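Participant: With my numbering as the guide, the letters of the sequence shown map in order to residues 3 to 326. Beta carbons: idealized from backbone N, C-alpha and C, even for Gly. Source: prediction; values computed, not measured. Once you've had a glance at the structure underneath, I'll fire off some questions.
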Amino acid sequence: MRLTDRYGRIIKDLRLSVTPRCNLRCLYCQPLGYEQAEPPGVITVEETRLFLQAMQQLGLESVRFTGGEPLVRKELPQMIAAAAELGIPDIAITTNGLLFARKAKELAAAGLKRINLSMDAVTPEVFRSMTRGGQVEKVWEAIEAAWALGIRPVKINAVMIRGMNEGEVIPLASLSLEHPLEVRFLEYMHLDNSEPGLYRSRFIPGAETKARIEAHFGPLERVENDPSAPARVYRIPGAAGTVGFINPVTEPFCSNCSRLRLTADKKIRPCLLTELEMDIAWAFEAPNPIEALTDAILVATNRKPAFGNTLPTLRERVMVGIGG
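Next up, the structure:
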């Protein structure tokens, strides 16, 4: 059975947040003063297994475990193992990488297939400012640990913010020259409840970032990829890796969206950029939880909107509480 929404989009990808906690305070994700604790009734390993089983029956092809920072959740390896035991072909995490090197072998043994790493700058001082205290060296350790264990692909996510890291575009793109990395440049989304005028002054269109790269390296070569994927992928001629652009604000890709999200407090979010969410905690307690979860997933999918709201808007949840 293939899960489709009312617009005919096939829903095959899941973003599953295992915690809203994070060991960094990146300005575009978690505003200062917005502290996250583990929510009451946070999703358990067994509940993760049940939800994945229900999604699998509906055609799930990919699950990406997110946070917050998923590696602060000690049960993450067991959650990954649950996905692997169910035979889900694509199992990934989105992480800031700070804890990855020390846990990489356990995660790979559990069934982790690929990794998305947040790396908004190459320059240590800029990285520290963007993340409010992070060490870019830890991200490099994570990259090397992933390569050593055969985890592929390794994707780098960089959120571009004017006045902070636009000078990092060329150094970041250059990482793809000699390394088999997928370096993706993301437009800054208003998911941090920043003041609208400040947000607009910091926003950098993806086309501007691409033009900056082409002015330095010459025309980029287009690389075909899954049309439901958010990134448009290119290669610097002769490069070992690729560069990609995720432009949800200036080039929305809602018409090809294939994703559902489940928050750590067990709410399905059919769309990242709306407040619509559906509490399904009750379904895990039902006499037949798989049947109840399947019904809940079908209802939530039917409520998936045609488009999300990318305008500056006061959000009930900021990015760290939703899941990447």
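Ala213: buried (16+ other C-beta within 10 angstroms of its C-beta) or exposed?
Facilitator: Counting from one through the sequence shown, the residue named residue 213 turns up at place 211. That one is exposed.
Participant: Give the straight-line distance between the Cα atoms of Ala302 and Phe255, rounded to the nearest whole angstrom.
Facilitator: Residue numbering aside, residue 302 sits at position 300 when the sequence shown is read from its first letter. Residue numbering aside, residue 255 sits at position 253 when the sequence shown is read from its first letter. Computed Cα separation, rounded: 20 Å.
Participant: Could you check what DSSP says for Lys107 in three-state terms: helix, strand or coil?
Facilitator: Along the sequence shown, one-based indexing puts residue 107 at 105. In the structure shown, Lys107 sits in a helix (DSSP, three-state: H, G or I).
Participant: Glu293 to Ile95, Cα distance in whole Å?
Facilitator: Mapped onto the sequence shown, residue 293 falls at position 291. Mapped onto the sequence shown, residue 95 falls at position 93. Glu293 and Ile95: Cα-Cα distance of roughly 27 Å.
Participant: Let me make sure I understand the geometry here. Which of Phe309, Ala111, Val251, Pro182 has the alpha-carbon closest to that of Pro272?
Facilitator: Working through the sequence shown from its first residue, we reach residue 272 at position 270. Pro272 has its Cα closest to that of Phe309, out of Phe309, Ala111, Val251, Pro182.
Participant: Whether or not the region 39 to 59 and the region 96 to 107 are in contact is what I'm after, with contact meaning three or more pairs of Cβ atoms, one per stretch, closer than 8 Å; do they touch?
Facilitator: no
Participant: One question on the structure: do Pro307 and Thr276 come within less than 8 Å of each other, judged by their Cβ atoms?
Facilitator: Looking up residue 307 in the sequence shown gives position 305. Looking up residue 276 in the sequence shown gives position 274. Taking 8 Å as the Cβ cut-off, Pro307 and Thr276 qualify as a contacting pair.
Participant: To which residues of the same chain is Phe187 closer than 6 Å at the C-beta, ignoring the five residues directly before and after it?
Facilitator: The residue given as residue 187 occupies position 185 in the sequence shown. Counting only Cβ-Cβ distances below 6 Å, and skipping sequence neighbours, we find Ala160, Met162, Thr211, Phe247.
Participant: Residues bridged to Gly246 by DSSP?
Facilitator: As a position in the sequence shown, residue 246 is number 244, starting the count at 1. Residue pairing from DSSP places Gly246 in a beta bridge opposite Arg186, Val235.
Participant: Is the CB-CB distance between Gly116 and Ile153 below 8 Å?
Facilitator: For the purposes of this step, residue 116 is taken as residue 114 along the sequence shown, with counting starting at 1. For the purposes of this step, residue 153 is taken as residue 151 along the sequence shown, with counting starting at 1. It should be noted that the sequence gives Arg, not Gly, for residue 116. Taking 8 Å as the Cβ cut-off, Arg116 and Ile153 qualify as a contacting pair.
Participant: Can you check whether the CB of Leu114 is closer than 8 Å to the CB of Val156?
Facilitator: For the purposes of this step, residue 156 is identified with residue 154 of the sequence shown, where counting begins at 1. For the purposes of this step, residue 114 is identified with residue 112 of the sequence shown, where counting begins at 1. No, they are not a contact pair.
Participant: How about Val44 and Leu54: are their beta carbons less than 8 Å apart?
Facilitator: Your numbering for residue 44 matches position 42 in the sequence shown. Your numbering for residue 54 matches position 52 in the sequence shown. No, the pair does not count as a contact, with Cβ atoms beyond the cut-off.
Participant: Under a three-way DSSP split, which group does Ala288 fall into?
Facilitator: For the purposes of this step, residue 288 is taken as the residue at position 286 of the sequence shown. Looking at Ala288 - three-state DSSP - the assignment turns out to be coil, as it is neither helix nor strand.
Participant: Please classify Leu222 as buried or exposed, where buried requires at least 16 neighbouring CB atoms within 10 angstroms.
Facilitator: Sequence index remark: in the sequence shown, residue 222 carries index 220 (1-based). Looking at its Cβ environment, which holds 16 or more other Cβ atoms inside 10 Å, Leu222 is buried.
Participant: Give the secondary structure of Thr276 by DSSP, where H, G and I count as helix, E and B as strand, and everything else as coil.
Facilitator: Taking the sequence shown and counting its residues from 1, one reaches residue 276 at position 274. Thr276: coil per DSSP, three-state reduction.
Participant: Measuring straight from C-alpha to C-alpha, what distance separates Asn227 and Ala233?
Facilitator: Within the sequence shown, numbered from 1, the residue matching residue 227 stands at position 225. Within the sequence shown, numbered from 1, the residue matching residue 233 stands at position 231. About 9 Å.
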